[in-house]
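Novice: The sequence shown runs contiguously to residue 774 in our numbering.
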Amino acid sequence: AQQFEWLKEDYPSLFKRIQGKAKTGQFVPIGGTWVEMDCNIPSGESLARQFLLGQRFYKQHFGQTCDVFWLPDTFGYSSQLPQIVRLAGAKYFFTQKLSWNNINKFPNTTFWWTGLDGSSVLTHMAPSETYSAQCRPGELINGVKKHKDVAYSNESLYLFGNGDGGGGPLRSMLERLRRMANVDGLPRVKQSHPREFYEHVEKTTRELVAWKGELYFELHRGTYTSQSNNKLWNRQSEFLLRDAELLCTVASFGSEDSEFEYPAEELTRLWKLVCLNQFHDVVPGSAINMVYRDSDKMYKDIISSANRIRKEALANVCRSVAGTDLTSSQGLTVVNTTGWMRSDIVAIPASTYANIFSNTSPVQIRASDSAVLVPVTNVAGFGLHSVSAETCSVRAPKHPVHVSKTDKDTYLLENRFVSVTFNASGHIVSFYDKTEGRELVPKDAAANVFELYDDVPLYWDAWDIEIYSLEKYQTLKSAVVLIVEEGPLVASISVRVPISDGSVVTQTISLSEHSPRLDFDCSVDWHENRKCLKVSFTWDIYSDVATYETQFGVVQRPTHRNTTWDMAKFEVCGHKFADLSEFGYGVALLNDCKYGFSTLGNSMSMSLLRAPKAPDEHSDMGHHSFRYAVYPHTGTFSESNVVQEAYQFNVPLLELPITIPPQISSLHKRPFFSVSGARNVVLDTVKRAEDDKTSYIVRLYEAYGGHARALLTSRLPFSSVCKVNMLEEPMDGPGIERLDHSTALKVPFKPFEVVSLLFTL
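(1) Tell me, please, whether the segment 539–547 touches the segment 616–623 by the rule of three or more beta-carbon pairs shorter than 8 Å.
(2) Give a yes or no on whether the C-beta atoms belonging to ARG321 and LEU260 are separated by under 8 Å.
(3) Name the one or two DSSP bridge partners that ARG701 has.
(4) Going by other Cβ atoms of all chains shown within 10 Å of its Cβ, with 16 needed for buried, is TYR472 buried or exposed?
(5) Relative to the C-alpha of TYR237, which residue among THR698, GLU741, THR563, HIS720 is closest?
(6) Between ILE512 and CYS606, what straight-line distance do the alpha-carbon atoms span, to the nearest angstrom?
(7) Taking 8 Å as the cut-off, decide whether the C-beta atoms of ASN195 and ALA581 are in contact.
(8) Identify the residues that DSSP records as bridge partners of ASN175: which are they?
(9) What residues in its chain sit with their C-beta under 7 Å from that of HIS681, if we drop five residues either side in the sequence?
(10) Quick one: using the 10 Å Cβ neighbour count with 16 as the cut-off for buried, is ASN720 buried or exposed?
(11) From the DSSP output, read off the bridge partner residues of THR560.
(12) Apart from the five residues just before and just after SER678, which ones in its own chain have a Cβ nearer than 8 Å to its Cβ?
(13) Hey, how far is the Cα of GLN77 from the Cα of MET138?
(14) Report the rounded CA-to-CA distance for TYR486 versus GLU479, giving the unit in angstroms.
(15) Taking just the CA atoms, how far does PHE124 sit from ALA161?
(16) Which one of LEU65, TYR71, GLY67 has the shortest CA to CA distance from PHE40?
(17) Does the beta-carbon of ASN2 have 16 or more other beta-carbons within 10 angstroms, so that it is buried, or is it exposed?
(18) Go to MET580, then tell me how far its alpha helix (DSSP H) extends in each direction, as first and last residue.
(19) Classify LEU386 as buried or exposed, calling it buried when 16 or more other Cβ atoms lie within 10 Å of its own Cβ.
(20) GLN147 by DSSP, collapsed to three states: which one?
(21) Could you check what DSSP says for TYR486 in three-state terms: helix, strand or coil?
(22) With DSSP as the reference, label LYS104 as helix, strand or coil.
(23) Excluding the 5 residues preceding and the 5 following ARG728 in the sequence, name in chain order all residues of the same chain whose CB lies nearer than 8 Å to its CB.
(24) Rounding to the nearest angstrom, what Cα-Cα distance links ALA25 and GLN15 in this structure?
(25) Pull the bridge partners of THR238 from the DSSP assignment, please.
(26) Please classify LEU752: is it buried, with 16 or more other beta-carbons within 10 angstroms of its beta-carbon, or exposed?
(27) Helix, strand or coil: which one does DSSP assign to CYS261?
(28) Which ranges does the alpha helix (DSSP H) cover as unbroken runs of at least 4 residues, wholly within the segment 434–479, from first to last along the chain?
(29) If you compare alpha carbons, which of GLY176, THR46, SER56, GLU272 is closest to LEU65?
(30) For TYR781, does the three-state DSSP call read helix, strand or coil?
(31) Within the chosen definition, does the segment 352–362 reach the segment 376–390 through at least 3 CB pairs nearer than 8 Å?
(32) Quick check: the Cα distance between ASN461 and SER239, rounded to an integer number of angstroms?
(33) Which residues in the same chain as VAL567 place their Cβ atom closer than 6 Å to its Cβ, once the five residues preceding and following it in sequence are excluded?
(34) What is the DSSP secondary structure of ARG201, counted as helix, strand or coil?
(35) Is DSSP giving THR350 helix, strand or coil here?
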């Protein structure tokens with residue numbers, strides 16, 4: 014749809030001609046999304062917006078939405094796509110990219126693809142194995158020879174024309190098709206709408222095989238990591254827009270006399286930019302340098318604008334709730350935009366601290382910037398919390414965190430939950446869970462180990478990481494370790510690790526007094542040539558599978574290489590976390606912008622940076638900042654709160670320099686939304702409805718893979734509520750039960766189901 018919008022803006026007369034041809038059936042709009050997007054890196058909400066923007070454009074300008082989801086050239090397909098496609102009004106899917114697999118041949122051509130929640134879409138992969146055929150006899154014959162499901166369906170799609178940036182079909186191609194029309198031994202070719210093919214398959218085929226789960230692409234694994242800063246800004250943009258929409262909705266619907274105008278047009282503009290940059294050669298990191306010069310400017314615009322909108326909405330929410338104009342900059346209010354209660358440590362300027370806490374001495378002053386650290390506890394999900402002497406304790410904690418250097422040239426970070434020992438190289442040689450009495454690092458093993466790999470693909474630098482690259486690497490051992498923060502709220506060490514003569518990584522490793530989570534803030538000066546930097550963690554945990562976050566859910570992948578299908582997944586995509594758990598215990602690796610992971614046996618690794626030289630010879634050169642964390646937990650993954658912890662790692666408490674009056678200092682106990690009775694349900698998105706200024710959307714999903722019946726409460730007013738699809742159209746399904754005309758709803762969920770609700774004033 015993005016290309017059509019450009020066409021409409023720049024060449025309106027040509028766009029009108031295309032609209033006319035579409036009415037007569039001579040031009041077929043397909044796809045249904047804003048761009049032909051990557052399906053690995055974007056969040057679940059980003060995929061939802063791809064369809065929302067795309068389908069609305071097609072409906073407005075071509076009179077109908079697309080029922081064929083068309084992604085011929087994208088680098089793998091998330092296991093949540095079947096559900097998202099169905100919820101976006103489509104029911105068919107086309108690709109051919111898996112024909113490029115470099116280890117296994119995908120076994121099907123026409124089949125039912127079933128996603129995480131059980132939703133299915135009729136899927137076809139062209140047996141001609143191209144989207145730019147030249148209309149030659151050999152290609153048509155391949156359409157028969159390589160059709161893997163010919164026993165069930167003897168038809169296939171044949172895509173011809175100069176594609177991938179080319180100019181479409183040529184007269185010579187059409188002439189060749191005419192001449193081959195009645196040649197014995199060649200299949201018959203009929204030109205028609207793709208929908209006709211799928212509908213005919215549905216009508217004439219009695220039974221097709223089903224493929225459950227992700228369509229993992231056994232190639233282009235380097236796109237999980239290439240152009241690291243681009244991926245960081247994508248993640249930041251997604252969360253900034255999430256917070257901005259939430260707060261704008263609360264600001265505009267939160268009170269009857271609110272004068273806040275929901276900035277729908279500006280938010281739509283920003284989402285279009287985010288979706289544009291999720292095109293399948295931009296966010297994967299496989300575009301030319303000129304593209305990234307453009308995308309850098311776009312992300313700067315997105316981040317700056319979303320920050321401004323979020324700040325304005327947050328100030329309006331606080332004014333509305335307080336019932337007065339809050340002009341003071343002498344206090345501090347924090348806002349929790351996640352859906353659960355949380356505690357954290359905030360850093361505030363010394364002058365603000367003095368105004369709030371008068372003559373009380375600070376417990377800890379941060380060495381890097383002289384900010385005062387203050388613990389805030391039990392901040393309700395989607396709630397506000399006024400930082401004051403009444404709500405925050407500024408006394409030394411009962412169980413402070415410690416840091417020390419031992420006689421053996423090792424360093425120890427310790428709180429009441431864990432004790433972590435580092436050697437002189439900055440490697441973790443002991444991670445001891447004091448609550449469980451369990452050592453997590455096996456004898457003679459280590460964690461937080463930087464490894465530098467040779468990274469020379471066979472063909473495509475930016476696209477690929479090859480399995481043979483795993484055989485040649487060096488462990489980075491030389492390091493300078495210093496104590497940075499000594500507690501009692503936060504203790505930190507700094508580790509500086511030279512990578513080469515031109516590159517170095519510096520990380521600050523921190524442990525807080527209130528959590529077992531160990532945080533790593535990294536800064537890298539990177540000037541390498543065809544190298545890949547990974548960080549690895551070896552744990553005393555054994556499981557046949559590891560769990561990785563995907564859009565609106567998780568996917569489990571093998572930790573062994575029993576078969577070629579297992580071996581092919583030597584590098585896989587994950588979002589905010591990867592988790593390795595056995596019965597009773599597990600460890601999660603969290604991050605703020607990384608997507609490439611590998612787990613073999615009990616060793617987990619995360620790809621941090623690459624240095625490809627084509628198509629952008631400057632790819633990833635320069636400075637990088639990113640964060641990751643280790644989060645140990647009791648129980649299996651499904652018994653943990655890893656999903657929530659990963660959200661918190663990516664969504665800090667928001668701070669506003671205002672004072673909430675004492676009479677409403679308990680405001681944090683009245684959240685804007687709450688979800689209870691189902692800890693496996695995550696409230697992900699709140700936004701105003703697209704077509705109705707008096708309605709708003711709340712989107713939730715089941716995150717762990719089980720049924721649930723959640724109690725959702727909204728403090729925003731509403732008279733009615735209904736379940737809608739991702740195009741915000743009413744849909745059938747299990748009923749939403751409102752409790753006695755109250756603000757509470759009982760909402761049922763299937764495993765990994767995404768539920769969108771439309772609230773109307």
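We put the CB at the ideal spot given by N, CA and C, even for glycine.
Only a predicted model underlies this, so the values are computations on that prediction, with no experimental measurement involved.
Specialist: Short version:
(1) yes
(2) Against the sequence shown, residue 321 aligns to sequence position 308. Against the sequence shown, residue 260 aligns to sequence position 247. No, they are not a contact pair.
(3) By 1-based counting over the sequence shown, the position of residue 701 is 688. According to DSSP, ARG701 bridges with TYR709.
(4) Taking the first residue of the sequence shown as 1, we reach residue 472 at position 459. Its Cβ having fewer than 16 others within 10 Å, TYR472 is exposed.
(5) The sequence position of residue 237 within the sequence shown is 224, counting from 1. Per the Cα distances, THR563.
(6) Reading the sequence shown from its first residue, position 499 is the one you call residue 512. Reading the sequence shown from its first residue, position 593 is the one you call residue 606. Looking at the two C-alpha atoms, the distance is approximately 21 Å.
(7) Start at 1 with the first residue of the sequence shown, and residue 195 comes out as number 182. Start at 1 with the first residue of the sequence shown, and residue 581 comes out as number 568. The answer is no: Cβ separation not under 8 Å.
(8) Mapped onto the sequence shown, residue 175 falls at position 162. Looking at the DSSP assignment, ASN175 forms a beta bridge with GLY181.
(9) Here residue 681 is taken as the residue at index 668 of the sequence shown, counted from 1. In this prediction, HIS681 has a pLDDT of 46, which is less than 50 and means its spatial position is unreliable; what the coordinates show is noted afterwards. Counting only Cβ-Cβ distances below 7 Å, and skipping sequence neighbours, we find VAL392, ALA393, GLY396, LEU397, HIS398.
(10) By one-based count along the sequence shown, residue 720 stands at place 707. A small fix is needed here, since residue 720 is His in this sequence, not Asn. Classification of HIS720: exposed, given that the 10 Å Cβ count is below 16.
(11) The residue labelled residue 560 in the question sits at position 547 within the sequence shown. THR560 pairs with GLN569, ASP592.
(12) The sequence position of residue 678 within the sequence shown is 665, counting from 1. Reliability fails at SER678, whose pLDDT of 47 lies under 50, so the model's placement of it is uncertain and no value is given.
(13) By one-based count along the sequence shown, residue 77 stands at place 64. By one-based count along the sequence shown, residue 138 stands at place 125. When rounded, the distance between both Cα atoms is 25 Å.
(14) One-based indexing of the sequence shown puts residue 486 at position 473. One-based indexing of the sequence shown puts residue 479 at position 466. Taking the straight line from one Cα to the other gives about 13 Å.
(15) Mapped onto the sequence shown, residue 161 falls at position 148. Mapped onto the sequence shown, residue 124 falls at position 111. The question names Ala, but residue 161 is Lys in the sequence shown. Taking the straight line from one Cα to the other gives about 10 Å.
(16) Mapped onto the sequence shown, residue 40 falls at position 27. Per the Cα distances, TYR71.
(17) Nothing in the structure corresponds to residue 2, since the chain is present only between 14 and 774.
(18) The residue you call residue 580 lines up with position 567 of the sequence shown. MET580 -> alpha helix (DSSP H) spans 577–581.
(19) Counting from one through the sequence shown, the residue named residue 386 turns up at place 373. Label assigned to LEU386: buried.
(20) Along the sequence shown, one-based indexing puts residue 147 at 134. In the structure shown, GLN147 sits in coil (DSSP, three-state: anything other than H, G, I, E or B).
(21) Walking along the sequence shown from the start, residue 486 turns up at place 473. Note: TYR486 maps to strand in three-state DSSP.
(22) If you number the sequence shown from 1, residue 104 lands on position 91. Here LYS104 sits in coil by DSSP.
(23) Here residue 728 corresponds to residue number 715 of the sequence shown, with the count starting at 1. So the list reads GLY267, ARG683, PRO684, PHE685, PHE686, THR756, once near-sequence residues are dropped.
(24) Taking the first residue of the sequence shown as position 1, residue 25 is located at position 12. Taking the first residue of the sequence shown as position 1, residue 15 is located at position 2. Strictly speaking, residue 25 in this sequence is Pro, with Ala absent from that position. Rounded to the nearest angstrom, the two C-alpha atoms are 14 Å apart.
(25) What you label residue 238 is simply residue 225 of the sequence shown in a count that begins at 1. DSSP output for THR238 lists no bridge partner at all.
(26) Locating residue 752 in the sequence shown gives position 739, where the first residue counts as 1. Exposed, because fewer than 16 other Cβ atoms sit within 10 Å of the Cβ of LEU752.
(27) The residue you call residue 261 lines up with position 248 of the sequence shown. CYS261: helix per DSSP, three-state reduction.
(28) none
(29) Position 52 of the sequence shown, counted from the start, is the residue given in the question as residue 65. Ranking GLY176, THR46, SER56, GLU272 by Cα distance to LEU65 puts THR46 first.
(30) Because the chain here runs from 14 to 774, residue 781 falls outside it and cannot be looked at.
(31) yes
(32) Looking up residue 461 in the sequence shown gives position 448. Looking up residue 239 in the sequence shown gives position 226. Going by the C-alpha atoms only, they are around 21 Å apart.
(33) By 1-based counting over the sequence shown, the position of residue 567 is 554. Counting only Cβ-Cβ distances below 6 Å, and skipping sequence neighbours, we find THR560.
(34) One-based indexing of the sequence shown puts residue 201 at position 188. Looking at ARG201 - three-state DSSP - the assignment turns out to be coil, as it is neither helix nor strand.
(35) Within the sequence shown, residue 350 is the residue found at index 337, counting from 1. Looking at THR350 - three-state DSSP - the assignment turns out to be coil, as it is neither helix nor strand.
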